[in-house]
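First the structure, in the form of structure tokens, and then the observations on it.
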Amino acid sequence: MLDGLPISGFQIALLVMTGMAVVFDGIDNQIIGLAAPSLISEWRISTNALGLIFGAGFAGMVLGTLIGGWIGDRFGRRSALLAGIIAFGAATFATGFTQSVTEIAVLRMIAGLGLGGVPGTAAALIAEYMPSKYRPAAVSFGIICVAIGGIIGGFAASVILPSLGWRWFFYIGGALPLCATVLFYWGLPESPSFLLSRPHRRSELLRILERVGHPDPQGAISRIPPETHVYAPIADLFSPNIRRDTLALCAALFFGLFLIYSMFNWAPTLLFSNGFALPQTHAGLTAFNIGGVIGSIATGFAMTRFGSRPVLALLGSMAALICIGLALSPLSPDYAKPLLFALFVFGLTGSSVQSTIYAVASNAFPTRLRARGIGLMAGAGRLGAVFSAIGGATLVDHGGSAFFGALAVVLILEAIFLACVRNHIRAAHLRPAP
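Residue numbers for the sequence shown follow my numbering, beginning at 1157 and rising by one.
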């Protein structure tokens, strides 16, 4: 419906607002990992107690991704996005008032319900507003806003934690997305693909197409018949034509988010336990996130030109080599600068693979299953995050060699499953003309 059209100011505004929502998701996603060294210092909690907190949040994310996909397909992408932001904003704000590990764990589970659904819903909304030519880069931009949120959170942690303490870190981290929901409520439109499947909302769809700048909105709607099945059951994701892609993408993101959340939550604690000062622990995660942002932007454009299969294979191989190098190197404050550079390159390669999986999924799943398919895939990814909470404590206790060595194995397994996906994004010269 929008393929072949130039990008309008309306679509750019939607991309910016959706990206802003994911930035808040990224801040609140990484806030507990950034605050963990402060909690260790103040409450003297163990890595096992941290694992309980991380695991509770991830358990909420698993449910949140599935619920978010269901809400997105049933009630609209916009409704799912708003519900997710309100959930994690309120729970994060309330965490500042907690007095025990159990209270933090409960609130992180509630926050996880919102955090789990936002990236996948945002990816579906962006994909359905962008022409196919720009879709991979646009979806990748939306997802890398998680890393942008991590960068902002890292810098904020270095300012707020030493001066105001971890409680104010949560107050501010929760209040900002709650305030922003007013902007999102009035500014974010519903997905045109979703509206097309709701005949009683055709007038709303017509207004959106006019704002996008479609030359013949009424004709575009009349030429596309409404979908006969408005609500598709999850079993359709395992029909013969897309079952392989569903399973491969779920497995790939399982290992991908194991890696990402091992870094988000455990890397600051790993550095802190090996003698790094608090600002250095924040700098390590910030370097990883900066590399992820730069790499993901470049990867989005590279996939548009060369296709996703060769680009992801190259990045995955490079990231595994970086991990092996980190596993064989001493983890000491004496080598802080080389370590920060290595973490930057690791983010440049390994982190960008995870953000672009959503672009591949947006291409692989048909419209009527897209939000649910991405939600299921993200749910599998959150299971990987749960395992990172369980295994991360053990890996951190065994030092940097075990931690980064395990991540190298994870990257190799992820690359194998990505190679099994059939419907990768095609290279520019292989795509049919619109």
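Glycine included, each C-beta is placed from N, C-alpha and C at the ideal position.
* CB-CB under 8 Å to Pro1522, same chain, minus the five flanking residues each way: which ones, in chain order? -> Ile1398
* Go ahead and label Pro1494 buried or exposed: buried means 16 or more other beta carbons lie within 10 angstroms of its beta carbon, across all protein chains shown. => The Cβ neighbour count for Pro1494, taken over all protein chains shown within 10 Å, is under 16; the residue is labelled exposed.
* For Leu1477, does the three-state DSSP call read helix, strand or coil? -> helix
* Pick from Ala1250, Ile1308, Ala1439, Ser1508 that is closest to Leu1470, judged by C-alpha positions -> Ser1508
* Give every residue of the same chain whose Cβ lies closer than 6 Å to the Cβ of Pro1489, excluding the five residues on either side of it in the sequence, and list them in chain order. => Gly1431, Phe1432
* **Whole-Å CB distance - Phe1444 paired with Cys1479, under 8 Å assumed** => That belief does not hold up - the Cβ atoms of Phe1444 and Cys1479 are roughly 12 Å apart, past 8 Å.
* Asked: By a C-beta neighbour count over all protein chains shown, 10 Å radius and 16 as the cutoff for buried, is Cys1576 buried or exposed?
  -> exposed
* To do: Mind reading off the beta-carbon distance from Gly1213 to Arg1264? Whole number of angstroms is fine, and I expect it under 8 Å.
  => Correct: roughly 4 Å between the Cβ atoms.
* Give the straight-line distance between the Cα atoms of Ile1260 and Thr1254, rounded to the nearest whole angstrom. => 6 Å
* Of the residues Ala1336, Arg1465, Phe1500, Gly1252, the one placed nearest Ile1307, counting alpha carbons only -> Phe1500
* **Pairwise C-alpha distance: Tyr1514 and His1385** => Because His1385 carries a pLDDT of 46, less than 50, the predicted location of this residue cannot be relied on, and no value is offered for it.
* **Residue nearest to Val1368 in terms of C-alpha spacing, selected from Leu1171, Cys1335, Val1566, Leu1569** => Leu1171
* To do: Look at the alpha carbon of Val1257 and the alpha carbon of Ala1205, and state the distance between them as a whole number of angstroms.
  => Distance from the CA atom of Val1257 to the CA atom of Ala1205, rounded to whole angstroms, is 7 Å.
* State buried or exposed for Glu1346, treating a residue as buried only when at least 16 other CB atoms are found within 10 Å of its CB. => buried
* Can you grab the Cα-Cα spacing for the pair Phe1497 / Tyr1491, in whole Å? => Cα-Cα distance, rounded: 10 Å.
* **Pairwise C-alpha distance: Thr1248 and Asp1184** => 7 Å
* To do: Just the C-alpha distance for Leu1574 and Gly1220, rounded to the nearest angstrom, thanks.
  => Going by the C-alpha atoms only, they are around 24 Å apart.
* Hey, is the region 1215-1233 in contact with the region 1268-1278, meaning 3+ C-beta pairs nearer than 8 Å? -> yes
* Check whether the Cβ atoms of Ala1536 and Leu1409 sit closer than 8 Å, and answer yes or no. => yes
* To do: Less than 8 Å between the CB atoms is what I'm expecting for Ile1446 and Ala1280, so what's the real figure, rounded?
  => Contact flag wrong, Cβ pair sits at about 27 Å.
* To do: Taking 8 Å as the threshold, find out whether the region 1192-1208 comes into contact with the region 1332-1340 through three or more Cβ pairs.
  => Cβ pair count under 8 Å is below three, so no.
* **Close-in-space but distant-in-sequence residues of the same chain around Ala1293 (CB under 6 Å, 5 per side omitted)** => Gly1456, Phe1457, Thr1460
* Can the beta-carbon of Gly1305 be found less than 8 Å from the beta-carbon of Val1179? -> yes
* Return helix, strand or coil for Leu1320, following the three-state DSSP convention. => In the three-state reduction of the DSSP assignment, Leu1320 falls in the coil class.
* Just the C-alpha distance for Val1565 and Thr1505, rounded to the nearest angstrom, thanks. => Cα-Cα distance, rounded: 15 Å.
* To do: Report, in whole angstroms, the separation of the C-beta atoms of Phe1420 and Gly1540, which I expect to be a contact under 8 Å.
  => That belief does not hold up - the Cβ atoms of Phe1420 and Gly1540 are roughly 12 Å apart, past 8 Å.
* Is Thr1337 helix, strand or coil by DSSP? -> helix
* Using the rule of at least 16 other Cβ atoms within 10 Å of the residue's Cβ for burial, across every protein chain shown, is Gly1165 buried or exposed? -> exposed
* Sub-8 Å separation of Thr1437 and Leu1427 beta-carbons -> yes
* To do: From the DSSP output, in three-state form, read off Lys1493 for me.
  => helix
* Asked: When you compare only the Cα positions, how much space is there between Arg1465 and Ser1296?
  -> 15 Å
* Is Ile1300 closer than 8 Å to Ser1452 when the C-beta atoms are compared? -> yes
* To do: Look at the alpha carbon of Met1173 and the alpha carbon of Leu1567, and state the distance between them as a whole number of angstroms.
  => 32 Å
* In this structure, does DSSP put Leu1344 in helix, strand or coil? -> In the structure shown, Leu1344 sits in coil (DSSP, three-state: anything other than H, G, I, E or B).
* Three-state secondary structure (DSSP) of Met1265 -> DSSP places Met1265 in helix when its eight states are reduced to three.
* Asked: Which value, in whole angstroms, describes the spacing of the CA atoms of Trp1324 and Arg1234?
  -> In a straight line, the C-alpha of Trp1324 is about 30 Å away from that of Arg1234.
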